[in-house]
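J.:
Numbering (our numbering), first residue to last: 1236 to 1563.
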């Protein structure tokens, strides 16, 4: 049984300000190449790590253009919701999003914590998935990243979260690979972190993130990182995997506006100064409104129902502001 995994293509109908090319056309070429790789590698299933769209409700024309390409995959496509696929990072809004709509039409299948089993030539594989939510990387890690392996030869778990090899700056929400060593998944496949991380293995368990299919930011590492997909082969006596770089992906220096890099560096410096002032003025260190809400709620000892109601208001506001456009 063979799988193709890729993540974070962020389908959208406009070009980000830090790109010099026609982003939708570039992404369409990449996705068509991924379809061809799936055919050439004779994979049985395609796995997608989330951020299927760049906003929860892009324009219908944008969805039609890209979903038409997805229909060309010769095998089923499984995915999970990323933070960009949901209103207010709220999983309850999924049925009202374009990803939810695509799933209802059968163009993709959504993975959940409940295991789904695939079988071929006597091999049984367990698939599970954990989409993004507002507590990702802040609540107990085993609730999102760790699964039990039951009645199967291999277990594959997809997560859209900030899984890393090493710690970030204080106050950032992330999970270290070493915190989830005890998972029973043979393969933990991760999206969300666009830069990816080096392949990691421990006791025969693999933690993999090949990086995003789309370059949206002007992060310096985006200039040089490869745009690639992951092939997992479980048909042999031992599991194997490889990465295939996309031929259609132009070098970062050809598509990313270098003049924006200096502007970004200046903004990062100003933001760092602002955050330092905020931290000096009070105890709240979060910049995400949902994370800030959780921190305030903890300090004020607010009941859970108050937090849930506030989060519903945030989700509703984001949904109303989006207006069904991919620039919402």
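Just so it is clear, CB atoms sit at the ideal spot from N, CA and C, and this is done for glycine as well.
#1: Pull the bridge partners of residue 1467 from the DSSP assignment, please.
#2: For residue 1497 and residue 1431, I'd like the C-alpha separation in whole angstroms.
#3: Looking only at its chain, what residues have a beta carbon closer than 8 Å to the beta carbon of residue 1441, apart from the 5 residues adjacent to it on each side?
#4: Would residue 1586 pass as a contact of residue 1245 if the rule is Cβ separation under 8 Å?
#5: Distance check for residue 1455 and residue 1465, CA to CA, integer angstroms please.
#6: Using a 10 Å radius around the Cβ and a threshold of 16 neighbouring Cβ atoms, would you call residue 1445 buried or exposed?
#7: Evaluate residue 1286 with the Cβ neighbour count: other Cβ atoms within 10 Å of its Cβ, from every protein chain shown; 16 or more gives buried, anything less gives exposed.
#8: With DSSP run on the structure shown, which of helix, strand or coil describes residue 1335?
#9: In the DSSP output, which residue or residues are listed as bridge partners for residue 1444?
#10: Under 8 Å, do residue 1372 and residue 1402 count as touching if we go by C-beta distance?
#11: Between 1418, 1462, 1545, which lies nearest to residue 1478 when the distance is taken from Cα to Cα?
#12: Determine the direct distance from the alpha carbon of residue 1236 to that of residue 1355, and round the result to whole angstroms.
#13: Taking the alpha carbon of residue 1427 as the reference point, which residue from 1315, 1270, 1299 has its own alpha carbon closest?
#14: Tell me, please, which residues DSSP counts as bridged to residue 1425.
#15: Who are the near neighbours of residue 1522 in its chain, counting only those whose CB is closer than 6 Å to its CB and skipping five residues on each side?
#16: Is it buried or exposed for residue 1541, if we count other Cβ within 10 angstroms and need 16 for buried?
#17: Taking Cβ to Cβ, would you say residue 1367 is nearer than 8 Å to residue 1321?
#18: Whole angstroms are fine: how far does the CA of residue 1343 sit from the CA of residue 1273?
#19: Identify every residue that forms a DSSP beta bridge with residue 1370.
#20: Measure how close the beta-carbons of residue 1310 and residue 1278 come, nearest whole angstrom, since I'm counting them as under 8 Å.
#21: When the distance is taken between beta carbons, is residue 1332 closer than 8 Å to residue 1283?
#22: Starting from the Cα of residue 1253, find the closest Cα among 1538, 1458, 1545 and give me that residue.
#23: Apply the 10 Å Cβ neighbour rule to residue 1295 and answer buried if 16 or more other Cβ atoms are within range, or exposed otherwise.
#24: What did DSSP end up calling residue 1283 once you bin it into helix, strand or coil?
#25: Taking the DSSP output, what are the residues bridged to residue 1355?
#26: Could you tell me the boundaries of the beta strand (DSSP E) in which residue 1312 lies?
#27: Applying the 10 Å Cβ sphere with the 16-neighbour rule, what's the burial state of residue 1247?
#28: So what's residue 1262 in DSSP terms, helix, strand or just coil?
T.: In short, the structure shows the following:
#1: The partner list for residue 1467 (beta bridge, DSSP) reads 1238, 1476.
#2: In this predicted model, residue 1497 has a pLDDT of only 49, less than 50, meaning its place in the structure is not dependable; the value taken from the coordinates is given anyway. Cα-Cα distance, rounded: 23 Å.
#3: 1421, 1422, 1423, 1434, 1435, 1474, 1476
#4: Since the displayed the chain opens at 1236 and closes at 1563, residue 1586 lies outside it and no answer follows.
#5: 23 Å
#6: buried
#7: It counts as buried.
#8: helix
#9: Assignment of beta-bridge partners to residue 1444 by DSSP yields 1432.
#10: no
#11: 1462
#12: 7 Å
#13: 1315
#14: Residue 1425 is bridged to 1394.
#15: In this prediction, residue 1522 has a pLDDT of 48, which is less than 50 and means its spatial position is unreliable; what the coordinates show is noted afterwards. Result list for residue 1522: empty, nothing under 6 Å.
#16: In summary, residue 1541 is exposed, with fewer than 16 beta-carbon neighbours lying within 10 Å of its beta-carbon over all protein chains present.
#17: yes
#18: 15 Å
#19: Answer is none; residue 1370 lacks a bridge partner.
#20: 6 Å
#21: No, the pair does not count as a contact, with Cβ atoms beyond the cut-off.
#22: Of 1538, 1458, 1545, the residue nearest in Cα terms is 1458.
#23: exposed
#24: Strand at residue 1283.
#25: 1358
#26: 1312-1314
#27: Its Cβ being crowded by 16 or more others within 10 Å, residue 1247 is buried.
#28: helix
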